[in-house]
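Protein chains in written order, with my numbering: chain A, 1 to 260; chain B, 1 to 260.
Just so it is clear, CB atoms sit at the ideal spot from N, CA and C, and this is done for glycine as well.
Bear in mind that the values here come from a model prediction, so they are computed numbers and not experimental data.
Working notes, structure below.
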């Protein structure tokens, strides 16, 4: 295995998680920069890297990772200065490869995971989805994905958009359902933490059997009496009611098609 | 601690999980009955209990647990024959205590958890919500909840309805969001199991910080460009689009009120 020299632009939650894993996998972090200098200084210190105050990288940089918000990728990509041999990648699920505006030595290195500052996921379990302008860059990204994560999968920009919206359902929306559950319990005077064992079991079952097989509740068993009674109870919030109605309808239709 | 003699009517997933925990906590299962005899015979054999072919219990039964579907509680309660001293409880979240049609020695013993046949949750972590027609019955149910689970909480029938609808969001709906995520990934040609590390991390974060603090994604950061692009992508399914739109709107409103 060759050790890569890697630089970062962007020092948020993705950079924090990736850089920690890059070091533990035996690669080097050369430099860290960001548009607001403070976070880059902190991450540079934490990783023993050089803190760059502009958007350049050292001459021996093999890979520059743009770990910036989806909406900044294209702007940052057009502002960086890198040597010809350096590969530039971004990590954003919703941004096409073309946003890097390069015809060679450019790629996408997308970890399918949720990142929150200060709460680092175990990247060794995470699949990386990769795409590149050329074969040799693709080879580098696959090697890196295999070393850092659970593996590297080919994924062009169009299919990555589907993956990204899938991740919004799997993580963002499922999490918000848990938030709503706690809000309803809390509104009725219960400590919302009483819902936590149910969150734990929800994940355990979904991971064991897959979420589709793990579905329980009034909608999947067509219990219209309970569904009606819940909708009545939720009359205090037309929004909750609407959400309850449409998701229950979706569950009923999904399992009707599957013949359960 | 006094050991209780406990009988079951109903031999489905709740009875399976409860009876296992009852035995491990040092109580006795006296008998099991159900309207379709087969499942009761299996559970009776598994717990070393008597298989009853009618809806009666042995004379020394302290507690009869009606672990039947929500819609059958009232019908089964009116058909059982029990000694005067026996406490009758049901375990259904959506069914009022009054469905047992008794003025004494009746109660509700509701475990806030999701149950699937053959996949037994760790009941020692689970909160039990209890209610009874009289103080001495309530005391028995609290003692049992403290011994079997994480504790016993007072909860009248009206507040239990809120808890039940909260559980639908926390478990049923969050699980269906994961199912939808896998369906979208699968539709784009990905192995749905690639979403599993994201499920695991979603739960890990929600359990660590609480789901409300763990929220990430385009809606919570008001990224209208990504939201629009996802809605466009979902044009192949008006239902997915509708679900995406209303949940994103709810997330935006929820965090606007919280000032995040």
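Taking buried to mean at least 16 other C-beta atoms within 10 Å of its own C-beta, is residue i buried or exposed?
i              : result
residue 142(B) : buried
residue 62(A)  : buried
residue 101(B) : exposed
residue 118(B) : exposed
residue 27(A)  : buried
residue 79(A)  : exposed
residue 139(A) : exposed
With 8 Å as the threshold, decide whether the Cβ of residue i is near any Cβ in chain B.
i              : result
residue 184(A) : yes
residue 52(A)  : no
residue 198(A) : yes
residue 222(A) : no
residue 8(A)   : no
residue 130(A) : no
residue 146(A) : no
residue 251(A) : yes
residue 201(A) : yes
residue 125(A) : yes
residue 157(A) : no
residue 230(A) : yes
residue 154(A) : no
residue 100(A) : no
residue 168(A) : yes
residue 29(A)  : no
residue 273(A) : The structure shown does not extend to residue 273(A), since chain A is modelled only from 1 to 260, so the question has no answer here.
residue 211(A) : yes
Could you have a look at residue i and say whether DSSP puts it in helix, strand or coil?
i              : result
residue 28(A)  : strand
residue 273(B) : Nothing can be reported for residue 273(B), as the shown portion of chain B is limited to 1 through 260.
residue 7(B)   : strand
residue 224(B) : helix
residue 188(A) : coil
residue 12(A)  : coil
residue 108(A) : strand
residue 219(B) : coil
residue 202(B) : helix
Determine the chain B residues that contact residue i at a beta-carbon separation under 8 Å, and present them in chain order.
i              : result
residue 265(A) : This structure leaves residue 265(A) out entirely; chain A is present only between 1 and 260.
residue 88(A)  : Per Cβ cutoff of 8 Å: no residues; residue 88(A) is ~22 Å from chain B at best.
residue 208(A) : 119
Strictly by DSSP, which residues pair up with residue i?
i              : result
residue 64(A)  : 7(A), 88(A)
residue 81(A)  : 56(A)
residue 127(A) : 151(A)
residue 116(A) : 119(A)
residue 33(B)  : 9(B)
residue 132(B) : 107(B)
Using a Cβ cut-off of 7 Å, pull out every chain B residue sitting near residue i, in sequence order please.
i              : result
residue 18(A)  : Result: empty, since nearest Cβ-Cβ is about 15 Å, beyond 7 Å.
residue 181(A) : 166, 167, 169, 170
residue 246(A) : 242, 243, 246
Distance cutoff 8 Å, beta carbons only. Does residue i sit that close to anything in chain A?
i              : result
residue 241(B) : no
residue 14(B)  : no
In chain A, what lies closer than 8 Å to residue i by C-beta?
i              : result
residue 205(B) : 114, 116, 119, 175
What residues of chain B sit near residue i, judged by a beta carbon separation below 9 Å?
i              : result
residue 150(A) : 194, 197
residue 162(A) : 184, 185, 187, 188, 189, 190, 233
What does residue i reach in chain A if we use C-beta pairs closer than 7 Å?
i              : result
residue 68(B)  : Neighbours of residue 68(B) on chain A: none; closest Cβ ~13 Å, over 7 Å.
residue 214(B) : 116, 175
So which residues of chain A does residue i contact, with C-beta pairs closer than 9 Å?
i              : result
residue 225(B) : 70, 71, 94
residue 217(B) : 114, 167, 168, 171, 172, 173, 175, 176
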